[in-house]
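K.L.:
There are 2 protein chains.
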Amino acid sequence: MLPLSTLADVHAAAARISAYAHRTPVLTCRSMNDLLGAEVVWKCENFQKVGAFKFRGACNAVFSLTDAEAQRGVATHSSGNHAAAVALAARLRGIPAHIVMPDNAPAVKKAAVAGYGGTMVYCAPTLAAREETTAQVVQATGATFIHPYNDARVIAGQGTAALELLTEVADLDVIMVPVGGGGLLSGTALVTAALAPATQVIAAEPKAADDAYRSLQAGTILPALDPHTIADGLRTSLGPLTFAIIQRHVQQIVTVSEAAIIAGMRHIWERMKIVVEPSAAVPVGALLEKRLDLTGKRIGVILSGGNVDLAHLPW
Amino acid sequence: MLPLSTLADVHAAAARISAYAHRTPVLTCRSMNDLLGAEVVWKCENFQKVGAFKFRGACNAVFSLTDAEAQRGVATHSSGNHAAAVALAARLRGIPAHIVMPDNAPAVKKAAVAGYGGTMVYCAPTLAAREETTAQVVQATGATFIHPYNDARVIAGQGTAALELLTEVADLDVIMVPVGGGGLLSGTALVTAALAPATQVIAAEPKAADDAYRSLQAGTILPALDPHTIADGLRTSLGPLTFAIIQRHVQQIVTVSEAAIIAGMRHIWERMKIVVEPSAAVPVGALLEKRLDLTGKRIGVILSGGNVDLAHLPW
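Sequence lines, in order, name chains C and P.
For the first sequence, this note's numbering assigns the number 828 to the initial residue and increments by one for each residue that follows.
For the second sequence, this note's numbering assigns the number 828 to the initial residue and increments by one for each residue that follows.
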């Protein structure tokens, strides 16, 4: 029996992170409703600290530690939003964060993590090297490892976004989120199942990285094999914890073409005047491609993040 | 004696447009504060209808008309945000809008105005042709001409942005806005002088289109002569109405380099995750260039708009 998170864990996470995380705004946009043929409310995690929902989970994990644990610091391997989120959460608690990153990671990502006060530990650009280096760091420092998604504290933290959304907006027919490792999806699904069981949870996944879709069909985790998608936050595979929650509480996963992801991203920028990253636009891509008949429905979309290299936009 | 707008006119405008215009959010951003060395609150007119503050003035003008006047429609010449704003306001009132635009205007701008239901009237791309064509339209239809800024109804409408900001945020040391024709600046200045006389009003203007700066120095309107600035909303010159208010109530105009405008725009996109147009970034450019010592001050910046061609970004 896996230690699944519960609604109580999400409430506890919400209380724990409330002094640090933004309660992000919920926006509506007439022009997007017209385009999508549905009534959509947008939960703007691109405005979250570090520019992504990832701060919620990292913050909950870091502030869940006992003082004795915390003193020895935290560690993770990531070159993306989770790394920045762990670094900032650790700085806020006043403890060290060891971030293991491939030595060929883009300079801009190294700088972001360093800017939040993380201690960089470089390794060769392979999964084996990453895991081995992280294990060495943990052994040497006694730091607590914080997995990007397969961690009950992280899942509960990510669930606080949906908790805020469902508290603020009633009568949603559907909640849509992107799925990569499944932290946001599983947190969203367990909150929704508990608080709004009539609301469907539908995940959107790049067709080019459809491991969650295939895993749900197969009933077992099928990892992503070197997927190539512009949605760089969604290249990871599910973990046992996230998969168990997704199997139980997620109604559907739809896959989305790269073209629709890019089109969705551009529509959000042009019509809503906000900056979102490709991963955040995957649910919009699904709506644009009409993979589901959601005409006239009330849909909550969690916009997962806004970190994008403005010098390399995909249009 | 010119018919200057008053605070009462702005209050009346606020009531008149409240059913149609957004009360835009006021954002803060720790990372921008750190960058600029000041405590800045951002009034987000990029989220306004049609993506710019211009909707406030156009909406107030359109809904100020008597039913008899309104029936004959409205007319303006513009290819920018004012044209879209007049078209949408007219559609909301259910009356015709005649928009005179040079026949070589970009297709995207023609499409935007047409999308809001405006009737396009094309003319040769000269000021003389534009004014003559507009006069012909007014004569033929009986439409009311709505000037983009030199109009007391428009000025009062633009002033509602500052009215909302000052109602929501206390103790600002400074309000900064960009200046082109001066509609936003004069509306802001007259509201601030009446409601928060201790708050300085400082305008920011592209150095490459510094007619307002020179006009204020000279004490007379000196027009912009074919200015070339990326801030396409600020290429116009002051009018007698806006100039009179600016002379009376604006403390200072600072000029800003093109490089600083672009840098400011990029910082806003990257750190605040919102899309603003170059004109909106001019006050940020002024802060970046430290043209004034505002260290530690509380500054309200009105972000004037967010309409930008994503296919042609300046970095």
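In this text, a Cβ means the ideal position worked out from N, Cα and C, and glycines have one as well.
Check the Cβ-Cβ distances between L915 (chain C) and every residue of chain P, and say whether any is below 8 Å.
P.N.:
no
K.L.:
Contact criterion: CB-CB distance below 8 Å. Does A885 (chain C) meet it with respect to chain P?
P.N.:
no
K.L.:
What are the uninterrupted segments assigned as alpha helix (DSSP H) that are 4 or more residues long and contained completely in the stretch 950-1026 of chain P, given in chain order?
P.N.:
954-968, 979-995, 1010-1022
K.L.:
Is P1033 (chain P) close to chain C? Criterion is C-beta to C-beta, closer than 8 Å.
P.N.:
no
K.L.:
Give the DSSP bridge partners of Q1079 (chain C), in chain order.
P.N.:
C:I1029
K.L.:
So Y1040 (chain C) packs on T1082 (chain C), CB below 8 Å; how close in whole Å?
P.N.:
5 Å
K.L.:
With respect to the alpha helix (DSSP H) encompassing K881 (chain C), which residues constitute its N-terminal and C-terminal limits?
P.N.:
In the DSSP assignment, K881 (chain C) falls within the alpha helix (DSSP H) that extends over 881-891.
K.L.:
Can you pull out the residues from the stretch 1109-1138 of chain C whose beta carbon lies closer than 8 Å to at least one beta carbon of chain P?
P.N.:
Residues G1133, L1137, A1138.
K.L.:
Just by C-beta distance, which residues in the stretch 945-967 of chain C are closer than 9 Å to chain P?
P.N.:
none
K.L.:
I'd like the list of long-range same chain contacts for H1139 (chain C), defined as Cβ closer than 6 Å, with 5 residues on each side in sequence excluded.
P.N.:
For H1139 (chain C), where only same-chain residues beyond five positions count, there are no Cβ hits under 6 Å.
K.L.:
Which ranges does the alpha helix (DSSP H) cover as unbroken runs of at least 4 residues, wholly within the stretch 1036-1104 of chain P, from first to last along the chain?
P.N.:
1038-1045, 1067-1076, 1085-1094
K.L.:
Please confirm whether V1102 (chain P) has its beta-carbon closer than 8 Å to some beta-carbon of chain C.
P.N.:
yes
K.L.:
Using DSSP with H/G/I as helix, E/B as strand and the rest coil, what is A902 (chain C)?
P.N.:
strand
K.L.:
Can we say the stretch 1010-1026 of chain C touches the stretch 1054-1074 of chain C, given the rule of at least three CB pairs closer than 8 Å?
P.N.:
yes
K.L.:
With DSSP collapsed to three states, give me the class of K870 (chain P).
P.N.:
Three-state DSSP puts K870 (chain P) in a strand.
K.L.:
Looking only at its chain, what residues have a beta carbon closer than 7 Å to the beta carbon of A897 (chain C), apart from the 5 residues adjacent to it on each side?
P.N.:
R920, I922
K.L.:
Apply the 10 Å Cβ neighbour rule to V927 (chain P) and answer buried if 16 or more other Cβ atoms are within range, or exposed otherwise.
P.N.:
buried
K.L.:
Only counting the same chain, and skipping five residues up and downstream in sequence, which positions put a Cβ closer than 8 Å to that of R1098 (chain P)?
P.N.:
C856, S858, M859, L862
K.L.:
For the stretch 961-970 of chain C against the stretch 864-873 of chain C, do three or more pairs of beta-carbon atoms, one drawn from each stretch, fall closer than 8 Å, so that the two count as touching?
P.N.:
With a cut-off of 8 Å, the stretch 864-873 of chain C and the stretch 961-970 of chain C do not count as touching, because too few Cβ pairs lie within range.
K.L.:
Thinking C-alpha only, which one of P:A912, P:T833, P:V940, P:I1057 is nearest Q875 (chain P)?
P.N.:
Of the listed residues, the one whose Cα sits closest to Q875 (chain P) is P:A912.
K.L.:
Relative to the C-alpha of V1135 (chain P), which candidate in P:G1123, P:S905, P:I1101, P:I1126 has its C-alpha closest?
P.N.:
P:I1101
K.L.:
I want to verify the contact list: residues of chain P whose CB lies under 7 Å from the CB of R1097 (chain C), in sequence order.
P.N.:
For the record, residue 1097 (chain C) in the displayed sequence is Glu; it is not Arg. Here the neighbours are L1137.
K.L.:
Relative to the alpha-carbon of S1084 (chain P), which residue among P:P1110, P:Q1078, P:Q1074 has its alpha-carbon at the smallest distance?
P.N.:
P:P1110
K.L.:
With a threshold of 16 other CB atoms inside 10 Å of the CB of H1055 (chain C), please say whether the residue is buried or exposed.
P.N.:
Label assigned to H1055 (chain C): exposed.
K.L.:
Hey, is R1075 (chain C)'s beta-carbon within less than 8 Å of any beta-carbon in chain P?
P.N.:
It does not: the Cβ of R1075 (chain C) has no partner Cβ on chain P nearer than 8 Å.
K.L.:
Do you know whose CA, among P:S1106, P:I1089, P:L1119, P:W1096, lies nearest Q1078 (chain P)'s CA?
P.N.:
P:L1119
K.L.:
If I follow the unbroken beta strand (DSSP E) through P929 (chain P), where does it start and stop?
P.N.:
924-929
K.L.:
Between P:A1051, P:A955, P:G944, which has its C-alpha nearest P929 (chain P)'s C-alpha?
P.N.:
P:A955
K.L.:
For M859 (chain C), which residues does DSSP report across the bridge?
P.N.:
Paired residue(s): none; M859 (chain C) is not in a bridge.
K.L.:
Among residues of its own chain, excluding the 5 on either side of D1059 (chain C), which ones have a beta-carbon nearer than 8 Å to its beta-carbon?
P.N.:
G907, E1104, P1105, S1106
K.L.:
What does the alpha-carbon distance come out to for the pair M881 (chain C) and A924 (chain C)?
P.N.:
Before going further, note that residue 881 (chain C) is Lys rather than Met in the sequence given. Roughly 15 Å between the two C-alpha positions.
K.L.:
Can you name the start and end residues of the alpha helix (DSSP H) that G1144 (chain C) belongs to?
P.N.:
With chain C running from 828 to 1142 in the structure shown, residue 1144 (chain C) is simply not present.
K.L.:
Could you list the residues in the stretch 832-852 of chain C with a C-beta less than 9 Å from some C-beta on chain P, going in chain order?
P.N.:
P852
K.L.:
Nearest to V889 (chain C) by CA position, among C:R980, C:L834, C:T833, is which residue?
P.N.:
If we check each option's Cα against that of V889 (chain C), C:R980 comes out closest.
K.L.:
Where does P1141 (chain C) land, buried or exposed, given buried means 16+ other C-beta within 10 angstroms?
P.N.:
Exposed, by the Cβ-count rule.
K.L.:
Taking just the CA atoms, how far does I1129 (chain C) sit from D1037 (chain C)?
P.N.:
19 Å
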